[in-house]
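Enquirer:
Residue numbers (my numbering): 85 to 222.
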């Protein structure tokens, strides 16, 4: 799934068009996971996708975001490419802060699902992998 992210930004950093794109990515994620029988990953995966796509829209300064989802070798891999170099930083947000916890959430959900997250060398792609549930996990 690929889309443009141009247009004026709202006060919170995400224009309504961008917010619609985030919802589209979440819905596509949920639909594909349900279709593949991976319902158990829907909640965590949709939250991760929401955080990664929102970060790309808010912080990349780019005009195009591409979201991919693959299932291979026992893992679900979620990736967002925004074509703007720069490494993302996990912030230590203040307790009363309304923003700044996105990558911390991604990190925690990846660990809880025996996965990991990272970026490509120049930071244009951020990805997260989650281990697929085994039969014993069901």
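From the three backbone atoms N, C-alpha and C, an ideal C-beta is built for every residue, glycine too.
Run through DSSP, which three-state label would residue 165 get?
Expert: One-based indexing of the chain shown puts residue 165 at position 81. Three-state result, residue 165: strand.
Enquirer: Among the residues of its own chain, which have a CB less than 8 angstroms from the CB of residue 134, if the five just before and after it don't count?
Expert: Here residue 134 is taken as the residue at index 50 of the chain shown, counted from 1. So the qualifying residues of the chain are 106, 109, 110.
Enquirer: Residues in its own chain within less than 8 angstroms of residue 145 by CB, not counting five upstream and five downstream?
Expert: For the purposes of this step, residue 145 is identified with residue 61 of the chain shown, where counting begins at 1. So the list reads 168, once near-sequence residues are dropped.
Enquirer: Let me know if residue 206 comes out buried or exposed under the rule of 16 or more other beta-carbons within 10 Å of its beta-carbon.
Expert: Within the chain shown, numbered from 1, the residue matching residue 206 stands at position 122. Exposed is the call here.
Enquirer: Residue 160 to residue 154, Cα distance in whole Å?
Expert: In the chain shown, counting from the first residue as 1, residue 160 sits at position 76. In the chain shown, counting from the first residue as 1, residue 154 sits at position 70. Each residue's Cα considered, the two are about 6 angstroms apart.
Enquirer: Return the first residue and the last residue of the beta strand (DSSP E) that residue 152 is part of.
Expert: For the purposes of this step, residue 152 is taken as the residue at position 68 of the chain shown. Residue 152 -> beta strand (DSSP E) spans 148-156.
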